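Counting from 1 along the sequence shown, just add 975 to a position and that's the residue number in our numbering. These notes are about the structure you will find just below.
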Amino acid sequence: MTRSTRILTSLLAAAIVAGGCGGDDKKSEPAPTTAASTTTTSTTAAAPTTTTEPVPVATAPLTGMPIDEATLARLARPALAVKLDNAAGAMPHEGLNEADIVWEIKVEGISRLMAVFHSTDSSEIGPTRSARYSDPPILALLGKPLFGWSGANEGVSRDVYRSDWIVNVNWDRVKNSDYFRKKGRKAPHNLFTSTAALWAYTEPDQPTAQQVFQYREVAEPNTAGLPVPGASLSVGDTPSSWVWDAAGNQWLRWQYGKRHMNEGAGQSNAANVVIQEVQYKGGSKTPTAKTDGSGRVLVLTGGNLIEGTWNRPSQLEPMTLTAADGQPIRLTPGRTWVELTPGTTAKVLSPEVAAGLLNG
976 MTRSTRILTS LLAAAIVAGG CGGDDKKSEP APTTAASTTT TSTTAAAPTT
1026 TTEPVPVATA PLTGMPIDEA TLARLARPAL AVKLDNAAGA MPHEGLNEAD
1076 IVWEIKVEGI SRLMAVFHST DSSEIGPTRS ARYSDPPILA LLGKPLFGWS
1126 GANEGVSRDV YRSDWIVNVN WDRVKNSDYF RKKGRKAPHN LFTSTAALWA
1176 YTEPDQPTAQ QVFQYREVAE PNTAGLPVPG ASLSVGDTPS SWVWDAAGNQ
1226 WLRWQYGKRH MNEGAGQSNA ANVVIQEVQY KGGSKTPTAK TDGSGRVLVL
1276 TGGNLIEGTW NRPSQLEPMT LTAADGQPIR LTPGRTWVEL TPGTTAKVLS
1326 PEVAAGLLNG
């Protein structure tokens, strides 16, 4: 089946209207002479000042956020996905709060992360780890992305290399300096990279990122779903919670009961959390997420929970999210986390538990 490579960005027409004020050139006639002199005071109006704000000219396909002229060139580059370690020894992460989309995927027992960059840059991403069989079908959602990873077994490597929609920039295919061992970190949790190093391998005519989700306008409130304080879930043996932070208008992440922190960038946060219930094939040694077909989805967005269905006809086609009432699920512009949960593991948090996490 032919893979769609349409770029689903929406362009906004913009015009700047400048106004000016002109004064009268005529001089005042001199006042007639009288016995008593008269003093005349003249007041000159201050010239109006104008402030030019950046005008949005496009929308980032992976976040739905408006992009101005100064950063428009970023939209021409492809998506860049990097696999990240998510073991306890890998904390704190770097790069997650600069990513456009983050996937959490079950591996052997615990989970791994896939951070996707497009509209923003990150000077350090990591710790990076190996690829899995689940990765190529997920990457197909992004068009033809660059993929950074640090190794895999022979079968996985062969599968990734044979996927012609992936441009591989794994550690043994690039310069040694493009991945580096970070001081103060213990192996194998110390291998890092950057967006600048990996985007340098963009191929000529490599397409830009392909849109994955539908978004509302920036100022458009979410009216779908019901308010919830948060949700808990597990991807493999990695438990996590998301709590709605009304003050920051975002969802904040906890992992193993602790705030999920990023070095120098605060707590992991998202505008949306897509909890996608999937089947995992391959057993405990090689769990592989089946991300084609259909299943239940729970979407945390704008302080609400929307229940619905995800649908993807094949591994090389886009995915759609549809609410229970049949309407497309539209996300809040911003970062999105996708939690590939093995079946029904998500539960709504009670207000007391959510408040305890948020204020703890």
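Glycine included, every Cβ here is placed at the ideal spot set by N, Cα and C. Bear in mind that the values here come from a model prediction, so they are computed numbers and not experimental data.
- The C-alpha of proline 1041 lies about 8 Å from the C-alpha of valine 1193.
- Beta-bridge analysis with DSSP links valine 1218 to Gly1205 and Leu1227.
- With respect to the C-alpha of glutamate 1178, the residue from Arg1137, Ala1330 and Lys1119 having the closest C-alpha is Lys1119.
- When DSSP states are grouped into helix, strand and coil, glutamate 1252 belongs to the strand group.
- Taking 9 Å as the cut-off, the Cβ atoms of glycine 1205 and serine 1216 count as close.
- At the C-beta level, glycine 1101 and leucine 1055 stay beyond 9 Å of one another.
- For alanine 1090, the closest alpha carbon among the candidates Gly1064, Val1203 and Ala1245 is that of Ala1245.
- Judged by DSSP secondary structure, serine 1269 falls outside any alpha helix (DSSP H) and instead within the beta strand (DSSP E) spanning 1268-1276.
- Sorting Trp1285, Ser1289, Lys1161 and Asn1237 by C-alpha distance to the C-alpha of isoleucine 1304 places Trp1285 at the top.
- For aspartate 1043, the uninterrupted beta strand (DSSP E) segment begins and ends at 1041-1043.
- Taking 8 Å as the upper bound for CB-CB distance, serine 1094 and threonine 1038 are in contact here, some 6 Å apart.
- If the five residues before and after asparagine 1237 are omitted, its C-beta is found closer than 7 Å to the C-beta atoms of Pro1067, His1068, Glu1069, Leu1071, Asn1072 and Ser1243, all from its own chain and listed in chain order.
- In the three-state reduction of the DSSP assignment, leucine 1296 falls in the strand class, which pools E and B.
- Comparing alpha carbon positions, the residue from Pro1053, Ser1097 and Asp1110 closest to isoleucine 1080 is Asp1110.
- Secondary structure note for tryptophan 1174: it is in no beta strand (DSSP E), and the uninterrupted alpha helix (DSSP H) holding it is 1170-1174.
- Taking the Cα positions, phenylalanine 1167 is about 25 Å away from threonine 1263.
- Here serine 1125 is not bridged, per DSSP, to any residue.
- Here alanine 1074 has Ala1090, Val1091, Phe1092 and Arg1310 as same chain residues with Cβ atoms under 7 Å from its own Cβ, once five neighbours each way along the sequence are excluded.
- Look at the region 1065-1099 and you find these whole runs of beta strand (DSSP E), each 3 residues long or longer: 1076-1081 and 1086-1092.
- DSSP places glycine 1283 inside the beta strand (DSSP E), whose first and last residues are 1279-1287.
- In the three-state DSSP reduction, alanine 1056 falls in the strand class (E or B).
- Spanning the alpha carbons of valine 1149 and alanine 1298 requires a straight line of approximately 43 Å.
- Close CB contacts of threonine 1316 within its chain, under the 8 Å cut and outside five residues either way in sequence, are with Leu1208, Ser1209, Val1210, Ile1250, Gln1251, Glu1252 and Val1253 (chain order).
- Of all alpha-carbon atoms in Leu1296, Gly1257 and Gly1335, the one lying nearest the alpha-carbon of serine 1269 is that of Leu1296.
- For the 9 Å CB-CB criterion, tyrosine 1108 and glycine 1126 do not form a contact.
- Closest option to arginine 1104, judged by alpha-carbon separation, among Asn1061, Gln1186, Phe1188 and Val1187: Asn1061.
- The C-alpha of glycine 1278 is placed about 15 Å away from the C-alpha of tyrosine 1190.
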